[in-house]
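Peer 1: I'd like to ask you about the structure that follows.
In my numbering, the protein residues as written are 9 to 958.
Spelled out as structure tokens, the structure:
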């Protein structure tokens, strides 16, 4: 997998010494060192959150490999990530994409494990996952797995860096896979813009070359020269070295055990005394600036970006001199640059920050999402941007602003929630490769003191003479196209000076910063009912396991007609979008201070989500509900929100092809559902008055569910629930709200085709199970687990049908099913379907011979996945909240399914499999296909059975 653009901070040099660092506890015990046979020259205590109970150890092996070990006794997954400080910037000119191609080749067998699927199969069979990515200056390999299998997983993983086979039998096929990955991303707008941008940056800078690779760039060299395989091996031996590698392991085992495992397996990685490659050439030739560029977008979307070359600020992470500048330019509150542009009807989104750093240089980018009116006034927008920059220069760099940003980051660091082990391992391996050991956790949050001189240096770079201005829109045409993503672009001369718009102001001190961050003791096992009335139900779960005084509130406002017609669906989405838009400026400071609010529509109405510190959440809840009930719906806000929705629906045929296929499947098998074409047409018939009338109807006929999960007691949860109930006064009951009903797939094989303008082919085959019982869900999950690796190995690795190939469990609400997916750049959908048929025929024969011993690891893998602990408060809250949408509200459903998975027998599999094959629906697409009318298909179906049939 190729990462589109590396924006990860550059490494801060520090002496390489053998050391062990204890991070989790702020004390050091000599007996811990005595347990290890590895030499220790120095002990360091890095900065950690006082609520981080995990133990850490950083060591450098004798070969120079830096290793960070994290022992988390509560983790139910183990994970590892190896970051190699070499990437596409090191590609030779005559083999662009070589670093990425090497990344793919390392997965295809090693000397102790020569089978091309040995690593993947082992990881999958032990409830794990794996992947890798190549960036400009990094290649990162990572996996997670059931903890007891970690030693054997490390056996296989370490051999990537010791004895890869560079499998000659798969060289050509993997080149095809890389090419498929390239073609799968060729219409990605960010890559298209980067392709044009690379033509304008300094060609001597190594980060500006084509990084993905293709059949053309990775073609076999001419006869007489080194073969492609030899070039891959040469690149590996020239650049892969222990001194440029950083390994992170996160697991429940003790540190001494992890250290022994790692030292035993990774100590023999070669030490060739390599150093991290440096990029010396400037990113931009300053003499070519300013430049005004226009480029064609494939989507109906208009963007204006300003790129300013600056020094890479990564080494200044202790003072973060660009932080306040980014914060003020990206502000969305009253008087901000975005607020002024929104009030003028010119923009609906803005971001600002530093990216594309290479260690020496970077780009400061201001990105503005335009309305059609904004596309006509680029010069006015530019003038207003530079007026905002000038205001920051004269009044914005006061020390109190830096102190406020520092305090907010300290709060976030103190109560940071660790992600899943794989996410943590990848983040830490990247951080270890760039920051001193003591700051491996703290670097992203650290702000010691303002450096006024350096702030001025960066601010002085934000000038009209030091600028690349990029405008993208669908109506740009040119005879010039970028070389790899075929993006039409042209250069324009600057036009007349623009006019500064509106009255820009800088934000006042943030009034939403929490003061009471006391952690309350008390832990509930799962949510329990707090308020139980016919029209309003509220659940509460007090939680302290994540060590954060935060609360996740969800409030579902359910309306019987929310999905009755395309018009009602559009009005529901407009109401949710209007609420978000109308509160954006007033609540932006709350978001900065750790209080987030959003409204999102769904088939039964909309949900209001409140996430953040417990302190200060009550007034946020009151403000959001009052806004929904009483605030004026202005013409400008209505038009802006409607335009955003219409833009999304117009762009749907250009979106991800797997996403389009999934949407078509949902339209076919869930009732009621409406297509994006129907929603777009309905939106064009609606005016502001329709939304005002809908709001009255919506609020006058509600049923409501609410749930609070987090660090609050039942008294506060009840008080806030009463506020919600009293302000909204719901009148209906749960039975008044229509159900979203899964439909039963016909026994007659059918093919549906999405409304798409993509240029790839696709098959999404859906196999539907027999009923919605928990037993059937467990059986189907185990079958999907059994299919996962062989489907990938056969259709991707061996048959090379495409880059995007997967099989997995895919329920529709509680209706179990299995989805098989292949997206191909050059194989038509009918041919792909034939390959799927052959695979399923072979699977049938294998399943007839399936015995309990062979089935056991697949049962266990499903069980272990279902039993995984939640790694964030928001994730846990969302899981419990989803349970309230089902007919039977139970919060132990996951545990029930996990236990049932262990009881699945070969006979269960063999009984279920034929029924899956006789209830299949294909969504297929070839470029130019006429889309299907899904409605007649859906209307001919019957509701899917809830119970098993006698």
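We put the CB at the ideal spot given by N, CA and C, even for glycine.
Flag this pair as yes or no: are the beta carbons of residue 7 and residue 89 separated by less than 8 Å?
Peer 2: Nothing in the structure corresponds to residue 7, since the chain is present only between 9 and 958.
Peer 1: I want to see whether chain D comes within less than 8 Å of residue 246, judged by CB atoms only; does it?
Peer 2: Included in the structure is just one protein chain, with no chain D present.
Peer 1: With DSSP as the reference, label residue 217 as helix, strand or coil.
Peer 2: Residue 217: coil per DSSP, three-state reduction.
Peer 1: Taking just the CA atoms, how far does residue 305 sit from residue 68?
Peer 2: 48 Å
Peer 1: On the DSSP bridge list, what partners appear for residue 545?
Peer 2: 540, 713
Peer 1: Is the beta carbon of residue 301 sitting closer than 8 Å to the one on residue 547?
Peer 2: no
Peer 1: What do you get for residue 915, buried or exposed, if any count of 16 or more other CB atoms within 10 angstroms of its CB means buried?
Peer 2: exposed
Peer 1: Once the 5 residues before and after residue 450 are set aside, which same chain residues still bring their CB inside 6 Å of it?
Peer 2: 55
Peer 1: On a Cα-Cα basis, can you pick out the residue from 288, 405, 162 that is closest to residue 462?
Peer 2: Answer by Cα proximity: 405.
Peer 1: What number of angstroms, rounded off, separates the C-alpha of residue 43 from the C-alpha of residue 435?
Peer 2: Bear in mind that a pLDDT of 36 at residue 43, under 50, signals an unreliable position, so the number given afterwards is only what the model happens to contain. Taking the straight line joining both Cα atoms gives about 28 Å.
Peer 1: Pick out whichever of 264, 845, 678 has its Cα sitting closest to the Cα of residue 945.
Peer 2: Ranking 264, 845, 678 by CA distance to the CA of residue 945 puts 678 first.
Peer 1: Pop quiz: residue 837 and residue 934 are said to be a contact at Cβ under 8 Å. What is the actual Cβ separation, rounded to whole angstroms?
Peer 2: 5 Å
Peer 1: Please classify residue 734 as buried or exposed, where buried requires at least 16 other C-beta atoms within 10 Å of its C-beta.
Peer 2: exposed
Peer 1: For the structure I just gave you, are there three or more beta carbon pairs, one from the region 823-833 and one from the region 766-778, closer than 8 Å?
Peer 2: yes
Peer 1: Within its chain, find whatever has a CB closer than 6 Å to the CB of residue 879; leave out the 5 residues flanking it on each side and keep chain order.
Peer 2: 427, 428
Peer 1: Should residue 277 go down as buried or exposed, given a rule of 16 or more other Cβ atoms within 10 Å for buried?
Peer 2: Under this definition residue 277 is a buried residue.
Peer 1: Express the C-alpha separation of residue 342 and residue 48 in angstroms, rounding to a whole number.
Peer 2: Note that residue 48 scores a pLDDT of 32, beneath 50, so its modelled location is shaky and nothing firm can be said.
Peer 1: Which first and last residues belong to the beta strand (DSSP E) in which residue 771 is found?
Peer 2: 769-776
Peer 1: What residues in its chain sit with their C-beta under 7 Å from that of residue 581, if we drop five residues either side in the sequence?
Peer 2: 609, 653
Peer 1: Could you pull out every unbroken beta strand (DSSP E) segment of at least 3 residues lying fully inside the region 789-854, listed in chain order?
Peer 2: Those beta strand (DSSP E) runs which fall completely within the region 789-854 and span 3+ residues are 812-817, 825-832.
Peer 1: How is the alpha helix (DSSP H) around residue 671 delimited, first residue to last?
Peer 2: 665-677
Peer 1: Could you check where the beta strand (DSSP E) with residue 317 kicks off and where it finishes?
Peer 2: Start and end: 311-319.
Peer 1: Leaving out five residues before and five after residue 239 in sequence, what residues of the same chain have Cβ atoms less than 8 Å from its Cβ?
Peer 2: 100, 103, 106, 229
Peer 1: How many angstroms separate the CA atom of residue 73 from the CA atom of residue 440?
Peer 2: 11 Å
Peer 1: For residue 600, is the classification buried or exposed, using 16 other Cβ atoms within 10 angstroms of its Cβ as the cut-off for buried?
Peer 2: Around the C-beta of residue 600, 16 or more other C-beta atoms lie within 10 Å, and the residue is accordingly described as buried.
Peer 1: Does residue 698 come out as helix, strand or coil in the three-state DSSP assignment?
Peer 2: helix
Peer 1: Here's the rule I'm using: 16 or more other beta-carbon atoms within 10 Å means buried, otherwise exposed. How should residue 272 be labelled?
Peer 2: exposed
Peer 1: Compare the C-alpha of residue 894 against each of 881, 569, 865, 820 and name the closest.
Peer 2: Taking residue 894 as reference, the option from 881, 569, 865, 820 with the minimal CA-CA separation is 820.
Peer 1: In terms of alpha-carbon separation, which member of 642, 98, 753, 511 lies closest to residue 676?
Peer 2: 753
Peer 1: In whole angstroms, what is the alpha-carbon distance linking residue 841 and residue 781?
Peer 2: 30 Å
Peer 1: Can you check which of these residues, 151, 310, 433, 398, is closest to residue 79 by C-alpha distance?
Peer 2: 433
Peer 1: If you follow the beta strand (DSSP E) that residue 475 is in, where does it begin and where does it stop?
Peer 2: Residue 475 -> no beta strand (DSSP E), and no H or E assigned at all.
Peer 1: Can you give me the C-alpha to C-alpha distance between residue 823 and residue 736, rounded to a whole angstrom?
Peer 2: 33 Å
Peer 1: Report yes if the CB atom of residue 590 is closer than 8 Å to the CB atom of residue 639, and no otherwise.
Peer 2: yes
Peer 1: Report all residues from its chain with a CB closer than 6 Å to the CB of residue 929; omit the five preceding and five following residues, and keep chain order.
Peer 2: Result list for residue 929: 753, 758, 774, in chain order.
Peer 1: Check the DSSP bridge columns for residue 496 and list the partner residues they point to.
Peer 2: 489
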